[in-house]
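J.: Last residue of the sequence shown: 519 (my numbering), numbering continuous. C-beta: ideal position from N, C-alpha, C; glycine also. For reference, the structure I am asking about is given below.
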Amino acid sequence: GPNVALLIGHGSVRRSVMGGANRAPTPGELEKMRALVRRAMEQGAFGLSSGLFYTPGSFAKTEEVIELTKAAAERGGLYTSHVRDEGSYTLGVLASVQEVIRIADEAKTIGIVSHAKALGPDSWGLAHAITQRIDAARARGVQVFTDQYAYEASSTSLRAALLPDGVPAPAAEHVARPDKMTPAQRAVFDAAESIATENLRRRGGAGAIQFAHYRPDPAREGKTLAQVAATSGRTPVREALDMIARGGASIVSFNMSEADIAHLMRQVYTMTSSDGGLVLPTEGKPHPRNYGAFARKMALYSRERCVVTLEHAVRSMTSLPAAVFGMHDRGVLREGAAADIAIFDPARILEKSTYTDPHHHAEGMHVVLVNGQVVLDGGTFTAALPGKVLRKLP
């Protein structure tokens, strides 16, 4: 198994103290949240993470996050953020990146723009403006970095994509029979339909939304919203509202431009990430990044398209993140360092996972060692489980 390094989540801290309250914390609540962050740091967390696009993080003002980041920074913790808006939903991606810069600056610690992107056609072409802001901050001494998964599609829930947190979703029976709604129910429905229509446009339309998981009807997995709506007879937005009402769905959302991806990738401060997690090989059509994020960068963007050199790609996966997170004995091949080693064939490394057939491991990785023990041998997993929880040292 792999090593694991943990961050303390702002959303978890906030919810444990304030529940789902959409307001600023009282001084007492803020102090309780600080105490939770400090305790996590004492237990070895590497810093504070936040998801300001999602509740309850979206309820927090910047000043709240600054104060909690300061608590993490007392023990050398960094701050990493799913920014408040990656596209054009609210304040926009540029202001959202600037918020991360401000938090890092005022807390006097490292700030990371997680899975950096310019989401949706409204924001395409803004990668240069994003890096200009980061470059300016770095020039005046603010430690700002980004991470990125090298795909033109993101992944989230259908509800988060189309109905921002706090917008009520209409009930399934109301979507099915709008003519039977009361005036109050109709007002909820009309508001949701209007907001979802605009947010679907922001993400490139119904053809750009592919379903990854949908338990009420797994046959929809791998299909686009446009395809599903064409067979149901509903508009794409009403079909989406029905699916949200019936338990929601997770999606793969095709919303990024290759030019923006390439520009962000070339930056010396961009680390490679997957933004993925553990998935069961028998379930759904999840984003291929869960299997192929690192192989894809080396194969497609380095070997085939020459966007970055192989050395640049490998550094973004190894020594750069190790240095940013303060793991001084990892990420490099050096006598005395931890033996976390991946041996691969640069000519054969290849992502095999696709958007419609994602459950495939990459090819070309021969041997992997974790803490000196072989966990992958000849492309086959061994039974070794040498991974451990890594803790931030004071």
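So which of Tyr214, Ala354, Ala384, Ala220 has the shortest CA-CA distance to Trp249?
T.: Ala384
J.: Ignoring anything shorter than 4 residues, give me the alpha helix (DSSP H) runs that lie fully in the segment 256-335, in order along the chain.
T.: 283-287, 297-301, 308-327
J.: Please name the residue in Gly504, Glu298, Gly401 whose C-alpha comes closest to that of Gln273.
T.: Gly401
J.: Report, in whole angstroms, the separation of the C-beta atoms of Arg345 and Asn380, which I expect to be a contact under 8 Å.
T.: The Cβ separation is near 20 Å, so there is no contact.
J.: Threshold first: 3 residues or longer. Then list the beta strand (DSSP E) segments lying entirely within the segment 379-421, N to C.
T.: Entirely contained in the segment 379-421, the beta strand (DSSP E) runs reaching 3 residues are, in chain order, 395-397.
J.: So, is the C-beta of Tyr276 closer than 7 Å to a C-beta in chain D?
T.: Of the protein chains in the structure, only one exists, and it is not chain D.
J.: With DSSP as the reference, label Gln168 as helix, strand or coil.
T.: Note: Gln168 maps to coil in three-state DSSP.
J.: Decide yes or no for the touch test of the segment 233-248 against the segment 133-141: beta carbon pairs closer than 8 Å, at least 3 of them.
T.: no
J.: Buried or exposed for Gly456, going by 16 or more other Cβ atoms inside 10 Å?
T.: buried
J.: For the structure I just gave you, are there three or more beta carbon pairs, one from the segment 333-351 and one from the segment 363-374, closer than 8 Å?
T.: yes
J.: Which one of His484, Ile468, Asn496, Gln498 has the shortest CA to CA distance from Gly504?
T.: Ile468
J.: Between Gln498 and Ala509, which are expected to be in contact by the criterion C-beta below 8 Å, what is the C-beta distance as a whole number of angstroms?
T.: 5 Å
J.: Quick check: the Cα distance between Tyr426 and Thr234, rounded to an integer number of angstroms?
T.: 31 Å
J.: Report all residues from its chain with a CB closer than 6 Å to the CB of Phe450; omit the five preceding and five following residues, and keep chain order.
T.: Phe171
J.: Are there 16 or more other CB atoms within 10 angstroms of the CB of Gln257, so buried, or fewer, so exposed?
T.: exposed
J.: Is the beta carbon of Val269 sitting closer than 7 Å to the one on Ala229?
T.: Judged by their CB atoms, Val269 and Ala229 are nearer to each other than the 7 Å cut-off.
J.: Do you know whose CA, among Val353, Thr407, Ser221, Ala463, lies nearest Ile255's CA?
T.: Ser221
J.: Does the Cβ-Cβ distance between Thr397 and Leu389 come in under 7 Å?
T.: no
J.: Return helix, strand or coil for Gly136, following the three-state DSSP convention.
T.: helix
J.: Looking at Arg200: is its Cβ nearer than 7 Å to the Cβ of Pro519?
T.: yes
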